[in-house]
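Positions in the sequence shown are counted from 1; adding 1130 to them yields my numbering.
We treat Cβ as the ideally placed atom computed from N, Cα and C, and that holds for glycine.
Note sheet for the following structure.
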Amino acid sequence: MMNTVDVALLKKYDRPGPRYTSYPTAPVWTEEFGEKEAREEMARSNASKTPRDLSLYFHIPFCESLCYFCGCSTIITRDKAKAEEYNDFLAREMGVVAPLLDRNRRVVQLHLGGGTPSSLTPAQTRTLFRNINDHFTVDYKDGEISVEIDPREASNHYLETLKTVGVNRISMGVQDFDPAVQTAVHRIQPLELTERVFRKCRELAFHSINIDLIYGLPFQTVESFSRTLDQIIALSPDRIAVFNYAHVPWLKKHMVLIRESTLPPPDVKFALISLIGEKLEKAGYRFIGMDHFAKPDDELFLAQVDKTLYRNFQGYTTKKNADLLGLGVTAISMFDEAYWQNVKALPDYSARTLSGRLGVFRGFRLSKDDRMRREIISRIMCDLEIDRKKVLAPFGESFDAYFSKEIGVLEGFVPDGLIEIHPDRIRITALGRIFLRNIAMVFDAYLKEAPKGPLFSRTL
Ligand code: SF4
């Protein structure tokens, strides 16, 4: 049971807020930034004295059925011919964008997400990797080559194909094993099926396996989610991500299929958050930051200890100095000084690629102020502390002088036990980890100017 302090904290801090996979966040990007600006940023990044490595993200939008909690950009179909055609669009996009980037820039991270990348057949997957290799210089030896799979669609042949093309990391969606929850969210995925796929991945010796769970789904209770966590811990994945379900039916219309009355109330969500932390840490996992846990020998945890962990649109990464290029419908690119996003509708995307244009429809160029705030938010999310002396040194600014107003706001978190303010650093406490988004929001200059209406999910 929660005590009264916990309930009071919940009420105080449960509000809409960004997840900060980028800063500034996507709602403030504009259509004034388009193809011309994206081309300029790529040219600028090539010309820098030490060009950064590359990270590639390919968005595969297809899924065979709709999970009602889904916040991704998906197209529901079982027609494999659509994926065949889409592979061709991706090849054309690579043909336009790859020549804009120096071929010597190493691809140190390559990620297939979606949607469901496992909706591509083994032959289509081999074609995609052949096209990637024709256009980019991928470091298969030391790079992170990862694919999100849906265990319901991942045959042994498909998994073997991933291994053959050079994939070394697997991320699989599970969400919750409880039958009542699975029925309510329209995703039936028995434990035995997940176990089979997991064992096959282990047999193929992928370097790392991640499992995604979600808390805050309909009918979840502390007891039911505790069972799911036990079943996951028994599998022993290298990383576990436990996301907070974002119920945003005003953005994702299909979410109305989840009745709000079936969602766990805030006090149960808080109890679930506490349960997740306690159980996973007892099982030997370490907290990485927003929703993520990893084994102590995992490179994400080692990077957190070394303070070299970074966060981008793909989540946590050790590849700090890489520019992220997103390909495919809705894909997001994040370069050092600019972000942009491809069009969201497949007909628009296909029309653009067929006419040899980039898919960019909106973006944002970061000012020095934006980049400093991004750095502070990254440190909060990754290091769980801010080094007051060092954090703005690369920008030639003093954290204490530049952010004196924000430090004043942070002082308000101290009596609640969320942060400690020391002369040399600001540290997020164990309790404060639950409220990371609220703490990061202090440094977000755009929240005050955000257009009216709900844009973000709630922070808890
Ligand atoms: S499989 Fe994944 S991307 Fe597809 S609908 Fe379900 S949650 Fe969304």
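Worksheet item: If L1592 sits next to K1293, beta carbons under 8 Å apart, how far is it from one beta carbon to the other, in whole angstroms?
Response: What the structure shows of the chain is the stretch from 1131 to 1590, and residue 1592 is not part of that stretch, so it cannot be assessed.
Practice prompt. Please report the Cβ distance between L1323 and P1281, rounded to the nearest whole angstrom; I am assuming they are in contact, meaning their Cβ atoms lie under 8 Å.
Written response: For the purposes of this step, residue 1323 is identified with residue 193 of the sequence shown, where counting begins at 1. For the purposes of this step, residue 1281 is identified with residue 151 of the sequence shown, where counting begins at 1. Going by Cβ atoms, the distance from L1323 to P1281 rounds to 6 Å, so yes, they are a contact pair.
Discussion item. What does the Cβ neighbour count give for T1255, buried or exposed, with the cut at 16 atoms within 10 Å?
Written reply: Position 125 of the sequence shown holds residue 1255. By the neighbour-count rule (16 or more Cβ atoms within 10 Å), T1255 is buried.
Discussion item. What would DSSP say about Y1375, mapped onto helix, strand or coil?
Written reply: Locating residue 1375 in the sequence shown gives position 245, counting from the first residue. Y1375 sits in coil when the DSSP states are folded into three classes, being neither helix nor strand.
Worksheet item: Unbroken beta strand (DSSP E) runs of length 3 or more, entirely within the stretch 1457 to 1533: which are they?
Response: Correct list: 1462 to 1464, 1468 to 1472, 1490 to 1495 and 1515 to 1517.
Worksheet item: Should G1245 be counted as a contact of the ligand SF4 given a C-beta to heavy atom distance under 7 Å?
Response: Stepping through the sequence shown from its first residue, residue 1245 is reached at position 115. In terms of side-chain proximity, the C-beta atom of G1245 is found nearer than 7 Å to a non-hydrogen atom of the ligand SF4.
Worksheet item: Quick one: what does DSSP say N1568 is sitting in, helix, strand or coil?
Response: Sequence index remark: in the sequence shown, residue 1568 carries index 438 (1-based). In this structure, N1568 counts as helix in the three-state DSSP scheme.
Worksheet item: Under 8 Å between the Cβ atoms of D1453 and L1258?
Response: As a first step, residue 1453 is located in the sequence shown; it is residue number 323 there, counting from the start. As a first step, residue 1258 is located in the sequence shown; it is residue number 128 there, counting from the start. Contact flag unset, no.
Fill in: Buried/exposed call for M1131, threshold 16 Cβ in 10 Å
In the sequence shown, the residue the question calls residue 1131 occupies position 1. Since pLDDT at M1131 reaches only 41, below the 50 mark, its modelled position is unreliable, and no value is offered.
Worksheet entry | E1165, enclosing alpha helix (DSSP H) - first and last residue | Looking up residue 1165 in the sequence shown gives position 35. Per DSSP, E1165 belongs to the alpha helix (DSSP H) from E1165 to A1177.
Practice prompt. Work out the CA separation of M1502 and A1228 for me, nearest whole Å.
Written response: Along the sequence shown, one-based indexing puts residue 1228 at 98. Along the sequence shown, one-based indexing puts residue 1502 at 372. Taking the straight line joining both Cα atoms gives about 29 Å.
Worksheet item: In this structure, does DSSP put N1451 in helix, strand or coil?
Response: Position 321 of the sequence shown, counted from the first residue, corresponds to residue 1451. Under the three-state reduction of DSSP, N1451 is assigned to coil, being neither helix nor strand.
Item to complete: In angstroms with no decimal places, state the Cα-to-Cα distance between I1190 and V1459.
Response: Along the sequence shown, read from residue 1 onward, the residue named residue 1190 stands at position 60. Along the sequence shown, read from residue 1 onward, the residue named residue 1459 stands at position 329. Inter-residue distance for I1190 and V1459 is about 8 Å (C-alpha atoms, whole angstroms).
Worksheet item: Should L1196 be listed as close to the ligand SF4, given that the test is whether its C-beta is under 7 Å from any heavy atom?
Response: Translated into positions along the sequence shown, residue 1196 becomes position 66. Answer for L1196: yes, Cβ within range of the ligand SF4.
Practice prompt. Use the C-beta contact count for G1147: other C-beta atoms within 10 angstroms, 16 or more gives buried, fewer gives exposed.
Written response: In the sequence shown, the residue the question calls residue 1147 occupies position 17. Label assigned to G1147: buried.
Discussion item. Closest to D1466 by C-alpha separation, out of F1355, K1141 and E1170, would be which residue?
Written reply: Here the question's residue 1466 lines up with position 336 in the sequence shown. Taking the Cα of D1466 as reference, the smallest distance to any Cα among F1355, K1141 and E1170 is reached at E1170.
Fill in: Proximity to I1516 [Cα-Cα], best of H1552, S1485 and F1491
Here residue 1516 refers to the residue found at position 386 when the sequence shown is read from its first residue. It is H1552 whose Cα lies nearest to the Cα of I1516.
Worksheet item: Closest by CA to E1165, which one among V1226, D1397 and K1142?
Response: Stepping through the sequence shown from its first residue, residue 1165 is reached at position 35. With distances taken between Cα atoms, E1165 lies closest to V1226.
Item to complete: State the beta-bridge partners of L1184 as determined by DSSP.
Response: As a working mapping, residue 1184 is identified with position 54 in the sequence shown. Beta-bridge annotation (DSSP): L1184 is paired with V1237 and D1453.
Worksheet item: Which whole runs of the beta strand (DSSP E) in the stretch 1219 to 1265 are 3 residues long or more, in chain order?
Response: Within the stretch 1219 to 1265, the runs of beta strand (DSSP E) that reach at least 3 residues and sit entirely inside it are, in chain order, 1236 to 1244.
Item to complete: Can you grab the Cα-Cα spacing for the pair G1583 / D1427, in whole Å?
Response: Here residue 1583 is taken as the residue at index 453 of the sequence shown, counted from 1. Here residue 1427 is taken as the residue at index 297 of the sequence shown, counted from 1. With a pLDDT of only 47 at G1583, under 50, the local geometry of the prediction cannot be trusted, and the value read off the model is given with reservation. Those two C-alpha atoms are separated by around 43 Å.
Fill in: For Y1446, the nearest candidate out of Q1434, S1356, K1474 and G1456 (CA to CA)
Mapped onto the sequence shown, residue 1446 falls at position 316. The shortest Cα separation from Y1446 among Q1434, S1356, K1474 and G1456 belongs to Q1434.
Item to complete: Apply the 10 Å Cβ neighbour rule to R1329 and answer buried if 16 or more other Cβ atoms are within range, or exposed otherwise.
Response: Position 199 of the sequence shown, counted from the first residue, corresponds to residue 1329. Classification for R1329: exposed.
Worksheet item: Do D1421 and the ligand SF4 come close, with the Cβ less than 7 Å from some heavy atom?
Response: What you label residue 1421 is simply residue 291 of the sequence shown in a count that begins at 1. Distances from the CB of D1421 to the heavy atoms of the ligand SF4 are all 7 Å or more.
Worksheet item: Of all the beta strand (DSSP E) runs that stay within the bounds of the stretch 1404 to 1435, which reach a length of 3 or more residues?
Response: Counting whole runs of 3 or more residues, the stretch 1404 to 1435 contains the beta strand (DSSP E) stretches 1416 to 1419 and 1422 to 1424.
Item to complete: Quick one: using the 10 Å Cβ neighbour count with 16 as the cut-off for buried, is W1159 buried or exposed?
Response: Indexing the sequence shown from 1 puts residue 1159 at position 29. Buried, since its Cβ has 16 or more Cβ neighbours within 10 Å.
Worksheet item: Does any heavy atom of the ligand SF4 sit closer than 7 Å to the C-beta of G1346?
Response: Sequence index remark: in the sequence shown, residue 1346 carries index 216 (1-based). For the ligand SF4, not one heavy atom lies less than 7 Å from the Cβ of G1346.
Worksheet item: With a cut-off of 8 Å, do at least 3 Cβ pairs link the stretch 1482 to 1490 to the stretch 1200 to 1211?
Response: Touching, no.
Discussion item. Determine whether the beta carbon atoms of R1369 and N1340 lie at a separation below 8 Å.
Written reply: Taking the first residue of the sequence shown as position 1, residue 1369 is located at position 239. Taking the first residue of the sequence shown as position 1, residue 1340 is located at position 210. Going by C-beta atoms, R1369 is nearer than 8 Å to N1340.
Practice prompt. Specify the secondary structure class of C1331 as computed by DSSP and reduced to three states.
Written response: What you label residue 1331 is simply residue 201 of the sequence shown in a count that begins at 1. Three-state DSSP puts C1331 in a helix.
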